[in-house]
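Novice: Sequential numbering of the sequence shown, starting at 248, is according to my numbering.
Cβ atoms here follow ideal geometry from the backbone N, Cα and C, with glycine treated the same way.
Computed from a prediction, not measured in an experiment: that's the story for all the values here.
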Amino acid sequence: MCSHFSLNKRDTLTKDLQLRLEEAEEVSNRKAKKQMFKLDQKVRELENALDGEQRKTADSTKIQRRLERQLKEVIYTTDEDQKAMHSWGRILIEDPFFPLIVNLCLFYNTRRYWHPTII
248 MCSHFSLNKR DTLTKDLQLR LEEAEEVSNR KAKKQMFKLD QKVRELENAL DGEQRKTADS
308 TKIQRRLERQ LKEVIYTTDE DQKAMHSWGR ILIEDPFFPL IVNLCLFYNT RRYWHPTII
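1) Looking at the structure shown, is residue 345 part of a helix, part of a strand, or coil, going by DSSP?
2) DSSP state of residue 254, grouped into three classes?
3) Report the rounded CA-to-CA distance for residue 312 versus residue 296, giving the unit in angstroms.
4) Tell me the rounded alpha-carbon separation between residue 259 and residue 293.
5) To the nearest angstrom, how far is the alpha carbon of residue 325 from that of residue 315?
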């Protein structure tokens with residue numbers, strides 16, 4: 248009878264431990280699912296932030312290229328204008344009427360300064 252009692256006690260204890268184990272596994276699985284959900288959410292947030300930063304970087308790169316192109320155009324135009332001014336300056340100085348033109352311009356500007364009605 249003593250062995251029968253201990254056998255029943257052992258079966259009851261085994262069943263009780265089995266139930267506790269199943270409950271612990273269930274709680275652990277629920278916690279793991281919650282943690283996985285939180286991690287998935289964080290991954291989505293980071294991916295969205297990354298996409299936003301990549302868009303900003305692409306926009307900045309486009310703007311930089313456009314500005315560099317405009318700068319090159321301005322530099323080219325300035326160089327061409329300087330070359331043209333230099334060649335025109337040489338032509339004017341070599342022109343026999345250059346001193347006359349300068350004097351007329353000075354006279355015209357002086358008259359306009361003293362007589363604003365004269366255009």
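Specialist: Here's the rundown:
1) helix
2) helix
3) 24 Å
4) 51 Å
5) 15 Å
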